[in-house]
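The C-terminal position of the sequence shown is numbered 79 in numbering that gives the first Met the number 0, with every residue numbered one higher than the one before it.
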Amino acid sequence: MKKYYDVPQEITDMFFDSNGLEKLRNVYAKLPFGFRKARRCAIDGQRLFDGAFQKVCELYPELRGKTLAHGAGKVWVVKE
């Protein structure tokens, strides 16, 4: 049985922004001369994603080092 952990809206927004940057990266990668913009989106998206999971681990220290998944304002452990 999965245990779900609620996360604040600020962290949820970080996940959404990271997802949006990933989609934007894919669009830029298909455009001519879009490499630099695609690269910037990839870097910014990964930083947001890592920052969001870091904040989750600050909020719930017992989740540090575990494989996590997120969605709908909640985080859960995928693999111990």
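Don't be surprised by glycine CBs; every beta carbon is placed ideally from N, CA and C. As the structure is a computational prediction, the values presented were derived from the model and not from experiment.
| Asked | Found |
| --- | --- |
| Own chain partners of residue 23 with C-beta closer than 6 Å, once the 5 adjacent residues on each side are dropped | 40 |
| Residues near residue 47 in its chain [Cβ-Cβ closer than 6 Å; skip 5 each side] | 13, 16 and 17 |
| Reference residue 52; option with closest CA among 1, 11, 26 and 3 | 11 |
| Residue 56 to residue 72 span [Cα, whole Å] | 15 Å |
| Cα-Cα separation between residue 1 and residue 50, rounded to whole angstroms | 23 Å |
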